[in-house]
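What follows is a single structure, written as structure tokens, with notes after it.
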Amino acid sequence: MKNYFSRLKNFAVYHFNNRFFVKQWIVGIGRGDIRNMIRNKTFNCDITWLPVKDPRREFADPFILSSDKGLYHLIIEDYSMDDHYGKVALLIVNDRYEVQEHKILLDTRSHLSYPFVFKENGNVYVFPESADNGNLSCYLYNPETRSLGFVKHIINMPLLDSNIIKHKNKYWIFGITREKDNNENYELQCFYSDDLLGPYTPHPANPLANGMDGVRSAGNIMEIDGVLYSPTQNCKEQYGKSISINKITRLNETSYTSEFHMNISIDKNNKYNRGIKTIHTINVHDELIVVDGIKWTFAPFAQHKKLIAAKAHLKKSGFL
Numbered sequence: 004m005k006n007y008f009s010r011l012k013n014f015a016v017y018h019f020n021n022r023f024f025v026k027q028w029i030v031g032i033g034r035g036d037i038r039n040m041i042r043n044k045t046f047n048c049d050i051t052w053l054p055v056k057d058p059r060r061e062f063a064d065p066f067i068l069s070s071d072k073g074l075y076h077l078i079i080e081d082y083s084m085d086d087h088y089g090k091v092a093l094l095i096v097n098d099r100y101e102v103q104e105h106k107i108l109l110d111t112r113s114h115l116s117y118p119f120v121f122k123e124n125g126n127v128y129v130f131p132e133s134a135d136n137g138n139l140s141c142y143l144y145n146p147e148t149r150s151l152g153f154v155k156h157i158i159n160m161p162l163l164d165s166n167i168i169k170h171k172n173k174y175w176i177f178g179i180t181r182e183k184d185n186n187e188n189y190e191l192q193c194f195y196s197d198d199l200l201g202p203y204t205p206h207p208a209n210p211l212a213n214g215m216d217g218v219r220s221a222g223n224i225m226e227i228d229g230v231l232y233s234p235t236q237n238c239k240e241q242y243g244k245s246i247s248i249n250k251i252t253r254l255n256e257t258s259y260t261s262e263f264h265m266n267i268s269i270d271k272n273n274k275y276n277r278g279i280k281t282i283h284t285i286n287v288h289d290e291l292i293v294v295d296g297i298k299w300t301f302a303p304f305a306q307h308k309k310l311i312a313a314k315a316h317l318k319k320s321g322f323l
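Residues 4 to 323, numbered by our numbering, are exactly what the sequence shown covers, in order.
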């Protein structure tokens, strides 16, 4: 009988939440020494979560363009439930963690996300996920005009959440594909080149890993004390629930090995994380840390509007 009432309670809570709350991806920002956190296997950073007033809009996948004069320039995925796809956007945040400017940088009318940032020789390159278009493309960011200019297609594969590092005088791209026989399972693909813009050679050990935990990228690969640490998503129970940090123990043109190092999850006892259920990505510049996660937002009418928008999208697509 006790189990029955427990299941009944969970059923009621689940349907109440889905009727009156909206799950919304938002961006968080804080400060801390990530190097010591990785060394000590403890994530102890107070995060200020940036509110998104429109419950039909979501901000995710933050990367850091620059940090200067009390202003933080972030590049993010800006997803609209009305459009049903993500765009690449700029967020300028002051040192009180207040959004000063929001600007769409790239809209291809197809889904864009995970705008990976790579800096070299004074240039800022952005490699957004564009798997819907079937390729990984490179853009050059102009800080004067705050705009992105197309450079070239880098890899003609529908890669998810690609990371790039320079290691031992070579450039390495780590991207994710879905298993052919199991669309829900991720595979880690690697490519290397002598030049940032390619051409790239597939790693002979591809796929380097597969599964729902420790495979899909969750932010920049970090080098600490001469060791590479790769943030990856833990999606076993739900998408983007927490972050698994893997230590890369071997990386060369013929082999790759890694091992689990630590987990980063939401501290629900921290007052700053009220309403936050998951943590999905993490990126760092000096002591500036940016993350994203899901927040449950009370918005009963937004659920109704969401259903109307979804129906309109299906009708426009010819499904209704």
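Idealized CB from N, CA, C, for every residue including glycine.
By a C-beta neighbour count over all protein chains shown, 10 Å radius and 16 as the cutoff for buried, is residue i buried or exposed?
i, result
"residue 189", "buried"
"residue 120", "buried"
"residue 151", "buried"
"residue 249", "buried"
"residue 62", "buried"
"residue 137", "exposed"
"residue 178", "buried"
"residue 234", "buried"
"residue 301", "exposed"
"residue 332", "The first residue shown for the chain is 4 and the last is 323, placing residue 332 beyond what the model contains."
"residue 241", "exposed"
"residue 64", "buried"
"residue 46", "buried"
"residue 125", "exposed"
"residue 15", "For residue 15, the pLDDT reaches just 49, beneath the cut-off of 50, and the residue's location in the model is therefore unreliable, although a value from the coordinates is still provided. Classification for residue 15: exposed."
"residue 157", "buried"
"residue 202", "exposed"
"residue 123", "exposed"
In whole angstroms, what separates the C-alpha of residue i from that of residue j?
i, j, result
"residue 140", "residue 118", "10 Å"
"residue 230", "residue 264", "12 Å"
"residue 221", "residue 30", "14 Å"
"residue 206", "residue 161", "17 Å"
"residue 291", "residue 52", "14 Å"
"residue 287", "residue 92", "18 Å"
"residue 219", "residue 147", "33 Å"
"residue 135", "residue 239", "24 Å"
"residue 217", "residue 247", "6 Å"
"residue 25", "residue 58", "7 Å"
"residue 35", "residue 280", "21 Å"
"residue 113", "residue 261", "34 Å"
"residue 28", "residue 199", "31 Å"
"residue 245", "residue 252", "22 Å"
"residue 154", "residue 133", "14 Å"
"residue 43", "residue 266", "12 Å"
Does residue i come out as helix, strand or coil in the three-state DSSP assignment?
i, result
"residue 215", "coil"
"residue 39", "helix"
"residue 322", "Confidence at residue 322 is low in this model, with a pLDDT of 45, below 50, so the placement of that residue should be treated as unreliable; the coordinate-derived value is given next. Note: residue 322 maps to coil in three-state DSSP."
"residue 205", "strand"
"residue 88", "strand"
"residue 223", "coil"
"residue 135", "helix"
"residue 166", "strand"
"residue 274", "helix"
"residue 65", "strand"
"residue 303", "helix"
"residue 71", "strand"
"residue 116", "strand"
"residue 100", "coil"
"residue 111", "coil"
"residue 51", "strand"
"residue 187", "coil"
"residue 59", "coil"
"residue 124", "coil"
"residue 46", "coil"
Following the continuous beta strand (DSSP E) through residue i, name the residue where it begins and the one where it ends.
i, result
"residue 151", "150-158"
"residue 197", "Segment: none, residue 197 is in no beta strand (DSSP E) and carries neither H nor E."
"residue 141", "139-145"
"residue 231", "230-237"
"residue 241", "Residue 241 -> no beta strand (DSSP E), and no H or E assigned at all."
"residue 266", "259-267"
"residue 78", "74-83"
"residue 255", "Taken as a continuous stretch (DSSP letters only), residue 255 belongs to no beta strand (DSSP E), as it is neither H nor E."
"residue 177", "173-181"
"residue 24", "24-34"
"residue 285", "284-288"
- Message: Assess contact between the stretch 95-106 and the stretch 162-182, defined as three or more Cβ pairs (one per stretch) separated by less than 8 Å. Is contact present?
- Response: In short, these stretches do not touch, since the Cβ pair count stays below three.
- Item | At least three beta-carbon pairs within less than 8 Å, the stretch 69-77 to the stretch 96-103 | Yes: at least three Cβ pairs fall under 8 Å.
- Query: So does the stretch 274-281 actually touch the stretch 216-226, counting three or more Cβ pairs closer than 8 Å?
  - Reply: These segments do not touch.
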